[in-house]
Amino acid sequence: MRSQARSRSRFFVKQHDGRQQPLTREQLIQALEHSEDPEAQALINSIARHAVSIRGTRPFWNKKRQDLEAYAYNLGCPGAFITFSPADLHWRSLYQHMPQYDDWLAATEPERMALSRRLLRQNPHIAAFHFCRRYTLFRDIVLSKKFSITDYWDRYEWQGRGSPHNHGL
Numbered sequence: 001m002r003s004q005a006r007s008r009s010r011f012f013v014k015q016h017d018g019r020q021q022p023l024t025r026e027q028l029i030q031a032l033e034h035s036e037d038p039e040a041q042a043l044i045n046s047i048a049r050h051a052v053s054i055r056g057t058r059p060f061w062n063k064k065r066q067d068l069e070a071y072a073y074n075l076g077c078p079g080a081f082i083t084f085s086p087a088d089l090h091w092r093s094l095y096q097h098m099p100q101y102d103d104w105l106a107a108t109e110p111e112r113m114a115l116s117r118r119l120l121r122q123n124p125h126i127a128a129f130h131f132c133r134r135y136t137l138f139r140d141i142v143l144s145k146k147f148s149i150t151d152y153w154d155r156y157e158w159q160g161r162g163s164p165h166n167h168g169l
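In this text, residue positions in the sequence shown follow full-length UniProt numbering: the first is 1, and each later residue adds one.
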């Protein structure tokens, strides 16, 4: 992640010290050349790394939050906040795509739960795809038609065992 941060992040200068004019390239070069001056040091200290394009970082999620607030401001208050969680320890449709499906099918209930937990930890990509597909179909076929949904926003999150869930407006 460090190399990704270095390659994708950008630098900017905070404009909080009361300057009316934006900082010019020449002023920045002069400050870097004479870094021992107190004024130059203050300018250098106001340079910050901007990592909004790196998924998962605090700046990334702050930008997503700002975008969502802008949508809500322009579209009006959302009608509902919903969370979808899968019954991923029980979905036969999920375990049909997992290794050891025949073992899962033949197992007793306690054995099936233990096998389900292990398969989820070992194959989170299968569980994530299956949940995403089921949720998308449910949203597009059921929710959109039943409630005349025109706009939505959602976010996927994962639990420690590899199980996804979805929050949305």
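All residues carry an ideal CB built from backbone N, CA and C; glycine is no exception. Owing to the predicted nature of the structure, the values given are computational and were not obtained by experimental measurement.
Euclidean distance between Cα positions of residue i and residue j
| i | j | result |
| --- | --- | --- |
| P110 | Y71 | 46 Å |
| A80 | A106 | 41 Å |
| F147 | I54 | 35 Å |
| L94 | G160 | 18 Å |
| L120 | F138 | 22 Å |
| Q27 | K63 | 29 Å |
| Q65 | I29 | The sequence given here has Arg at residue 65, not Gln. Answer to the nearest angstrom: the Cα atoms are 35 Å apart. |
| Y73 | D67 | 10 Å |
| T57 | R25 | 29 Å |
| A114 | Y101 | 13 Å |
Own chain, CB closer than 6 Å to residue i, minus 5 neighbours either side, in chain order
| i | result |
| --- | --- |
| H97 | I126 |
Residues near residue i by beta carbon distance below 8 Å, same chain, minus five either side
| i | result |
| --- | --- |
| R90 | Per the sequence presented here, residue 90 reads as His, with Arg not at that position. Hits under 8 Å: S116. |
| L75 | D151 |
C-beta contact flag for residue i and residue j at 8 Å
| i | j | result |
| --- | --- | --- |
| P86 | S144 | no |
Of the residues the options, the one placed nearest residue i, counting alpha carbons only
| i | options | result |
| --- | --- | --- |
| I149 | P78, K63, Q100 and R118 | P78 |
| F129 | I141, R25 and E157 | E157 |
| N123 | D102, R139, D140 and D88 | D88 |
| P99 | R118, I141 and H167 | R118 |
| F131 | S35, R92 and W104 | R92 |
Residues of its chain near residue i, where Cβ-Cβ distance is below 7 Å and the 5 sequence neighbours each way are ignored
| i | result |
| --- | --- |
| D154 | N166, H167 and G168 |
| F84 | Y135, H165 and N166 |
Hey, which unbroken runs of the alpha helix (DSSP H) at 4 residues or more fall wholly within the region 46-105? 58-75 and 92-95
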